[in-house]
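As given, the protein sequences belong to chains A and B, one line each in that order. All the letters of the first sequence, read from the start, carry residue numbers 1 to 414 under the numbering used here. All the letters of the second sequence, read from the start, carry residue numbers 1001 to 1295 under the numbering used here. C-beta atoms are modelled at their ideal positions from N, C-alpha and C, and glycine is treated no differently. Encoded as structure tokens, the structure appears first; notes follow it.
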Amino acid sequence: MHPRERRTNRRHFLVGSAGAVAALSGADALLQAADALAGRLGAPIGPGGIPLARRGFPVTLPLYSDNDPIASGRTTEKGPLNVFNWSDYVNPAVVKKFEKAYNVKVKVTTFENEEEALAKLTSGSAGFDVWFATVDYLSRMVAGKLIQPVNHSYLPNLKNVWPQLQSPFYDVHSRYTVPYTVYTTGIAWRKDKVKTPPTAFKNGYDAFWHAQKYAGKVAILDDQREAIGMGLRHRGVGDVNTENAKLVQAAANDLKQLTKTVNVKTNTTQYTDVPTGATWLGQSWSGDMAGATYYMPKNVPVSVIGYWRPAKNAVVGSDMITVLRGAKNPVLAHHFMNFLLDEKHGVENFSYLGYMPPLKVINPDKVIAQGYIPKNLGATIVRESDFANAVSLLPLTQQGQATWQNAWSAFKAG
Amino acid sequence: MRQRLLWPSFALPGAIWLVLLFLVPTYAVLAVAFGSVDPIFSNPVPVWDPLHWQFDTMRDVLRQLRPGEPFWTVFVRTFVYVTLALAGCLAIGYPVAYYLSRHARRTKKLLLVLLIVPFWVSYLMRMLAWVGLLLPDGLVNRALVDLGVLSHPYGWLDGQASSVIFALVYGYVPYLILPLYATLDRIERSVLEAGRDLGASPLHTFLHVTLPLSKHGIMAASVLVALPMFGDYYTNDVISGSPRTTMIGNQINLFFQGGPQRTVGASLVVVLSVLLAALMSYYLWVTVRASRDLV
């Protein structure tokens, strides 16, 4: 527990354990009991006093009396709907269809990283209705009351989602979110250049530490959680959310070794770098590689690209959609979420993004057969069973964040 | 009375600009560096009252600035890159400015316009264009291989320090040429003629007349390009991405992009500003001394 966290914030939290929800009053005795409970269960308390979600320690996000969901049966607002999203993270054709269906205008404003987004949202003047969030920020958004709980009566399409994501461990009962996409973090490589791909190793992550021949053509994600997380996996540490400074530093030191041996690059441009050959071996997100076809230079077939992630315990991420608390069009926002969870629209969106919505209707084998994903990139598809057996990069305490950031900074200093 | 206020009032917009957009933000950086962060969003909480400033973060940053520590490595690298890039800019820019001011006649205006053309395209776009050019099968490699200069494509984008320095030179050279040109253009021809009349060779005239008289311009132009280079981070991000070429701007960006340590980012800004202020003071001292010498 970081000393800078205010005790008063922790009065609000609910500890969810195996679905049991214990609402805590302001009594100190209860607080301490909850602390002990959370501690014993192994769920660290995060910023805002909400236990950090972990697989095995699901979190029911707290509701606040001054932040209610909208009532059922309200009439739809006339818009325009203001959507705040990552750039290129929704199919414009699907947005157009929504505009037509509801006879409204949708204004999509984009951001490049979540800090930038958060700065806008916390300034309070942004005026957005819908926000595309990640697990990392979820509990902070709830504690800071920036997003509002959702009313499921507007979200019948939630039933189309994989059952385990209808009530995910990071938001039990989907109180504040609906899922948007799922993806894995793995390794992409050029089959025509790399003779020792991840598949040649017992621990596929070791490929990076045996890539001396490809110096200069090796890249890892410019994302401290993903990169150091991979260092941990390479060392055989399963808990990619550890706050143990020694483990984190050791993993960062392993990455430092890559700087020496292969002059490793850090970026998030594998979706074009691997196709163009600027990178031959690169840590990548599955969604980025699923769209590799579109970035292949002339005369280079997409079949030269490989993608690997461990069959079990892959790093699986999931993004979500939320309604902002200050939304002027909350009903419309709910309809928008519901629209994206529609089977047809979800598939159409997937064909544009490369990032997959966790919809039951998407049959991985069909996706390949229908040509959405090239056969050699079949591993980019996330199956429901992958999600069940996955590890996830989940929020850390402030102290933990600092530990990771310092290790990352030392690695990045070269 | 009105007369007395008239001329000082001309400085008012500039003064307001300076206070609002320079002094206040600079103080805000200090307030962030010596402040804290909020417990939920990790947003910086600036502390405006110096009496309540906390110096722990700064102490930690300074500790990491000792030789052999990470920030030291990055600072030294940044100084080396900026020095080399500045030398490159001068090597390319000075002859161009010299030609423009002395020898370009009818084409002068056209050339000046052409010099301004790069400003029409944003710096970032120009860097991204280089990525396309420097790819393994990009135009640069293809041309060099076709011409027989290289036997196989060179890995310009493989995290090379040379590529980052070249990119810095390319990006900043226009900013150097224009002020240099202005200085060289102001040197009176009669002074040069006097040099030659006194028997100096063209090289001698250049070394003993033109160069000393353009020293001011060289200093000013160098300051103009070196300052932004010190804070540059996207050139390295786009062209290299390797930790071996990380500059101090990248480290500052790392701490501002996310996480609970904006105070570290702000502290690095303060340290960099102090170092640059020291460099600027030297520049001012040299120029003051030079103008005194002229008198």
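Asked                                                                                                                                                 : Found
Buried/exposed call for Leu377 of chain A, threshold 16 Cβ in 10 Å                                                                                    : buried
Sheet register partners of Ser1242 of chain B (DSSP bridge)                                                                                           : According to DSSP, Ser1242 of chain B bridges with nothing at all.
For Thr279 of chain A, the three-state DSSP class (helix, strand or coil)                                                                             : coil
Chain A within 7 angstroms of Asp1158 of chain B, Cβ atoms only                                                                                       : yes
Three CB pairs or more closer than 8 angstroms across the segment 1232-1244 of chain B and the segment 250-265 of chain A                             : yes
Residue-level contact to chain B via CB, Pro395 of chain A, 7 angstroms cutoff                                                                        : no
Distance between beta carbons of Ala251 of chain A and Ile228 of chain A, contact taken as under 8 angstroms                                          : 5 angstroms
Any chain A beta carbon closer than 7 angstroms to Leu1090 of chain B                                                                                 : no
Coarse secondary structure for Gln148 of chain A, derived from DSSP in three states                                                                   : strand
Cβ of Gly1241 of chain B within 7 angstroms of any chain A Cβ                                                                                         : yes
Close beta carbons around Asn1043 of chain B, own chain, < 7 angstroms, minus the five adjacent residues each side                                    : Val1037
Straight-line gap, Trp408 of chain A to Ser392 of chain A (C-alpha atoms, nearest Å)                                                                  : 19 angstroms
In chain order, each alpha helix (DSSP H) run of at least 4 residues that lies wholly inside the segment 336-406 of chain A                           : 343-353, 364-369 and 384-388
Identity of the residues DSSP links to Ser1009 of chain B by a beta bridge                                                                            : Answer by DSSP bridge pairing: none, since Ser1009 of chain B is not bridged.
Thr322 of chain A and Ala133 of chain A closer than 7 angstroms at C-beta                                                                             : yes
Three-way DSSP call (helix, strand, coil) for Gly415 of chain A in this model                                                                         : Lying outside 1 to 414, the shown extent of chain A, residue 415 of chain A is not represented and no answer is given.
Element boundaries [alpha helix (DSSP H), containing Ile1165 of chain B]                                                                              : Ala1161 to Arg1186
Nearest neighbour of Leu1275 of chain B, chosen from B:Phe1041, B:Val1191 and B:Leu1065 [CA to CA]                                                    : B:Leu1065
Sheet register partners of Phe208 of chain A (DSSP bridge)                                                                                            : None; Phe208 of chain A has no bridge partner.
Buried versus exposed, by CB contacts within 10 Å (16 or more), Val1121 of chain B                                                                    : exposed
Beta strand (DSSP E) runs contained entirely in the segment 1052-1124 of chain B, provided each spans 3 or more residues                              : none
Cβ neighbours of Gly1093 of chain B in the same chain (closer than 7 angstroms, five flanking residues each side left out)                            : Val1173, Leu1176, Ile1177 and Leu1180
Exposed unless 16 or more other CB atoms sit within 10 angstroms - verdict on Val1169 of chain B                                                      : buried
With 16 other Cβ atoms within 10 Å as the buried cut-off, status of Trp404 of chain A                                                                 : buried
Chain A contacts from the segment 1015-1044 of chain B (Cβ-Cβ distance under 8 angstroms)                                                             : Ser1036, Val1037, Pro1039, Ile1040, Phe1041, Ser1042 and Asn1043
Ile187 of chain A beta carbon less than 7 angstroms from that of Trp308 of chain A                                                                    : yes
Contact the segment 359-379 of chain A vs the segment 206-214 of chain A: 3+ CB pairs below 8 angstroms                                               : no
Contact list for the segment 1247-1278 of chain B against chain A, Cβ threshold 9 angstroms                                                           : Asn1250, Gln1251, Leu1254, Phe1255, Phe1256, Gln1257, Gly1258, Gly1259, Pro1260, Gln1261 and Val1264
Sequence ranges, alpha helix (DSSP H) only - wholly within the segment 105-132 of chain A, length at least 4                                          : 114-123
Limits of the unbroken beta strand (DSSP E) element including Gly79 of chain A                                                                        : Note, Gly79 of chain A: premise wrong, no beta strand (DSSP E); not H, not E.
Beta-carbon gap between Gly291 of chain A and Gly354 of chain A smaller than 7 angstroms                                                              : yes
The segment 283-299 of chain A / the segment 234-241 of chain A touching (three or more Cβ pairs under 8 angstroms)                                   : no
Cβ of Arg1244 of chain B within 7 angstroms of any chain A Cβ                                                                                         : yes
Contacts around Ile1165 of chain B, its chain only, beta-carbon distance under 8 angstroms, and the 5 residues preceding and following it disregarded : Tyr1081, Leu1084, Ala1085 and Gly1088
Cβ-Cβ distance between Asp1158 of chain B and Gly216 of chain A below 7 angstroms                                                                     : yes
Supposed contact pair Val1032 of chain B and Pro1046 of chain B - C-beta distance, whole angstroms, cut 8 angstroms                                   : 5 angstroms
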